[in-house]
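Worksheet: the structure to be examined is printed underneath.
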Amino acid sequence: MDASQPAPATSVSVEHVTELNRLDLDDLCDATDAAIVDGNGFGWLTPQPRDQMERYWKGVLLVPERLLWIGRLDGSVAASAQLQLPPRFNEAQAHCPQLTTHFVAPWARGHGLAAGLLEAVEEYCGQQGYTHLRLDVRCTQARAIEVYEDHGFTRWGELPSYAKIDGKLVTGYFYVKDLTAG
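Heads up: the sequence shown begins at 23 in this note's numbering, then just goes up one per residue.
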């Protein structure tokens, strides 16, 4: 591309999904694999066999207490976030769902997908009357921590034995956001 030519426009979108077509499932699996290899695989340390990864994502859509948002970059699925709703029979914690499996594939970072997913999940939570949102993250995920803190999440605790990576214990941080605060 000639230096005098403007850079191609980038299209970014976020959507709550209840089904995935074949192309979106393939993109989501590819993005997940890339995030895992980059060290941000929300629990997985190595990419999983493709059939297992596909079953995982299809299974997410079958669980009534799990909601899935995807982020697209130029039409391709490049990011996700899940909302784990509070247990139906736990009145004391019915106000506070948990954000989980929030990631952006390395090749799609820097376009606002992480923030867009957070905002979409928070908007949904507000519409449903939830007052707080919880999440947890490994201490090694510095960029994710920065995004959460920039979006008003407060770290309330740490667990030194949160995860084990390459035989070493890794600390986990626990966050909450008051969705009713201005």
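Don't be surprised by glycine CBs; every beta carbon is placed ideally from N, CA and C.
Neighbourhood of residue i by C-beta, 6 Å cutoff - its chain only, sequence neighbours within 5 removed
i	result
valine 126	Ala101, Leu135, Ala136
leucine 90	Val39, Val82, Gln104
proline 128	Ala56, Asp60
Within 8 Å, strictly: CB atoms of residue i and residue j
i	j	result
tryptophan 79	leucine 42	yes
glycine 148	leucine 201	yes
histidine 173	valine 34	no
alanine 142	valine 36	yes
tyrosine 146	phenylalanine 175	no
Residue environment, residue i, which counts as buried when at least 16 other CB atoms sit within 10 Å
i	result
asparagine 62	buried
threonine 123	buried
leucine 95	buried
aspartate 188	exposed
lysine 199	buried
alanine 130	buried
glycine 93	buried
threonine 230	Given that the chain is displayed from residue 23 to residue 204, the structure contains no residue 230 and the question cannot be resolved.
leucine 67	exposed
Nearest residue (CA-CA) to residue i, options the options
i	options	result
glutamine 120	Glu37, Ala203, Val143, Leu157	Leu157
tryptophan 178	Gln163, Leu155, Ala142	Leu155
threonine 153	Tyr195, Arg160, Leu107, Thr162	Leu107
leucine 47	Val99, Arg131, Leu67	Val99
glutamine 163	Tyr146, Gly194, Pro182	Gly194
Cβ-based neighbour list, residue i, same chain, cut-off 8 Å, excluding 5 preceding and 5 following
i	result
lysine 186	Val192
aspartate 49	Ser98, Val99, Ala100
cysteine 51	Arg72, Met75, Glu76, Trp79
Same chain, Cβ closer than 7 Å to residue i, five either side skipped, listed in chain order
i	result
isoleucine 167	Val159, Tyr195
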